[in-house]
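Okay, so here's the structure we're looking at.
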């Protein structure tokens, strides 16, 4: 590994190259992108509204994803970096990049709110389950990494998990409990609900051991 860049910095630098195309692929699978209402919000079509929300989140995600450690080793910039690090890296950049990812997720929930999938083939079910687990671990990991992130993660997991549950139970689409306990019939909503539940459990376990300290505060 180059002495100029930490592994964390390089991961954050290249991560959008993988994450954004994957998010874009998912959002284009929504039925509303091709068959949505023409005048859903004023003159905006349903698809246009989804694209606006998603692209705004994507812009925030990419713009604030690059880690300030990329300039930490340059002597000319080191003093400037030290002065702005606490405010910019620990609060503004972290939360704007995370906020962009959240907005993309909200766009997906909105786009897939009425969509029913499947029955899914076995391979798709396995990939869907693995993806849910990975995203749940990511939610918890981001919450543990950021300053005050455990508090934000706790609230966010409960809030978005509750919204997902309500989207299923209040818009059942002729499925028992809205497909809550099916294997992916409401694939995207169940994906985020499952991830929020897993993330919430991990955050609660972390808080029970380390309190509301983040990873650095806990000595890791």
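Residue numbers (this note's numbering): 3 to 222.
Don't be surprised by glycine CBs; every beta carbon is placed ideally from N, CA and C.
Start-to-end residues for the alpha helix (DSSP H) that takes in residue i
i: residue 131; result: 124 to 147
i: residue 200; result: 189 to 212
i: residue 169; result: 151 to 171
i: residue 34; result: 34 to 37
In DSSP terms, what residue i is bridged to
i: residue 53; result: Answer is none; residue 53 lacks a bridge partner.
i: residue 46; result: 43
Contact belief for residue i with residue j at Cβ below 8 Å, rounded distance in angstroms
i: residue 102; j: residue 63; result: 3 Å
i: residue 60; j: residue 24; result: That pair is no contact at about 12 Å.
i: residue 94; j: residue 152; result: Incorrect: roughly 19 Å between the Cβ atoms, too far for contact.
i: residue 56; j: residue 109; result: 4 Å
i: residue 112; j: residue 190; result: Not really, about 10 Å apart at Cβ, beyond 8 Å.
i: residue 155; j: residue 170; result: No, residue 155 and residue 170 are not in contact; Cβ-Cβ is about 22 Å, not under 8 Å.
i: residue 175; j: residue 216; result: Contact flag wrong, Cβ pair sits at about 40 Å.
i: residue 211; j: residue 142; result: That pair is no contact at about 13 Å.
i: residue 219; j: residue 130; result: Wrong, their Cβ atoms sit about 35 Å apart, outside the cutoff.
i: residue 105; j: residue 58; result: 6 Å
Check: residue i C-beta below 7 Å from any heavy atom of the ligand GTP
i: residue 51; result: For the structure depicted, the ligand GTP is absent and the ligand set is empty, with no information on it obtainable.
Contact the stretch 197 to 216 vs the stretch 152 to 164: 3+ CB pairs below 8 Å: Touching, yes, given that three or more Cβ pairs across the two stretches are closer than 8 Å.
contact_flag[the stretch 27 to 42, the stretch 50 to 58] where n(CB pairs < 8 Å) is 3 or more: A contact exists between the stretch 27 to 42 and the stretch 50 to 58.
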